[in-house]
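Using UniProt numbering, the letters of the sequence shown correspond one by one to residues 1 to 78.
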Amino acid sequence: MRSESWSWHPYLYNPGYYDKTDVYYLETNLYNAKTEELIWAAQSETYDPSSITDFLKGYVKSNYERMQKDGLIGENAQ
């Protein structure tokens, strides 16, 4: 009688793709022109924005509003 041995070894299939993530870091610094002292700063980071232009518009608007609130620009500026 002839015996054949069949063996099955599990395997992992990797389709060979990679995932790419775009990360953007932004920093805004405001200095006193006379003393060169840093008086205000903001940092931000974003991952894979659908539109870098839209992200930047929001970043600028957010910084502007925060600077107004902190009394650095606008009617209440010191």
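Backbone N, C-alpha and C define an ideal beta-carbon position, used for all residues, glycine too. Keep in mind that this is a model prediction, so the values were computed, not measured.
Considering only DSSP beta bridges, list what Ser-44 is partnered with. Leu-26
Which one or two residues does DSSP pair with Leu-56 in a beta bridge? Answer is none; Leu-56 lacks a bridge partner.
State the DSSP-derived secondary structure class of Tyr-18, mapped to helix, strand or coil. If DSSP states are grouped into helix, strand and coil, Tyr-18 belongs with coil.
Might you give, ordered along the chain, the residues of its own chain that have their beta carbon closer than 7 Å to the beta carbon of Asp-70, omitting 5 neighbours on each side? Result list for Asp-70: Trp-40, in chain order.
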